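Our numbering applies: residue 6 is where the sequence shown begins, and numbers increase by one.
Where is the CB? At the ideal position from N, CA and C, for every residue including glycine.
Keep in mind that this is a model prediction, so the values were computed, not measured.
These notes are about the structure you will find just below.
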Amino acid sequence: METIASFTVDHLRLLPGIYVSRQDIVGGETVTTFDIRMTRPNYEPVMNTAEVHTIEHLGATFLRNHAKYGEKTLYFGPMGCRTGFYLLLTGNYSSEDIVPLLKEMFSFIASYTEDVPGASPVCCGNYLDMNLPMARFLAGKYLDEVLDRITPDRLKYPQ
């Protein structure tokens, strides 16, 4: 079997950042997949499922309600390795293009104090696995350490 592209990225050199993972043409339209890497793979501890789950609920709610990107958002969800998230948007974008959107989203998560949207047994298959305080902490950390001081090496995969 052929190795898929995401497994060819050198995860030992990958820093927290925003990367274009791939671009595909679907029904004549470009779909851009972003790798939103929150922790350094194989160096930092991975995020626990409760905070990942909370960030997923808050991030997806924020994105789907966004005035500009709501209708362009196809998917926002966690990576299996728990080092970040994937965001799929319709359109041809670079990592630089979505820095303002992600600053907005992670600011929203970092300051969120209400009930987590969809965190009920009717709306979610594992509604008890949530950790809003830790999700807020991680969102604020990513905002402060990565998004607010983004550098070119955190916008393109290492070669």
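Residue closest to residue i, alpha-carbon to alpha-carbon, out of the options
i           : options             : result
residue 74  : 82, 58, 92 and 86   : 92
residue 13  : 155, 26, 21 and 59  : 26
residue 43  : 29, 33, 24 and 36   : 24
residue 161 : 98, 54 and 109      : 98
residue 61  : 15, 148, 129 and 33 : 129
residue 120 : 137, 105 and 106    : 137
residue 72  : 85, 106 and 63      : 106
residue 157 : 131, 100 and 38     : 100
residue 4   : 33, 32 and 68       : Residue 4 cannot be examined here, being either before or after the span of the chain that is shown, 6 to 164.
Cβ-Cβ distance between residue i and residue j below 7 Å
i           : j           : result
residue 141 : residue 115 : yes
residue 88  : residue 57  : no
residue 122 : residue 66  : yes
residue 46  : residue 19  : yes
residue 108 : residue 152 : yes
residue 77  : residue 59  : no
residue 54  : residue 134 : yes
residue 22  : residue 154 : no
residue 147 : residue 111 : yes
residue 163 : residue 40  : no
residue 63  : residue 117 : yes
Beta-bridge partners of residue i, as assigned by DSSP
i          : result
residue 36 : 29 and 95
residue 69 : Its beta-bridge partners do not exist; DSSP assigns none.
residue 78 : 94
residue 64 : Residue 64 pairs with nothing; no bridge assigned.
residue 24 : 40
* Asked: Could you give the uninterrupted runs of the alpha helix (DSSP H) lying entirely in the region 80 to 161, keeping only those of 4 residues or more?
  -> If we require 4 residues or more, the alpha helix (DSSP H) runs fully inside the region 80 to 161 come out as 104 to 115 and 137 to 150.
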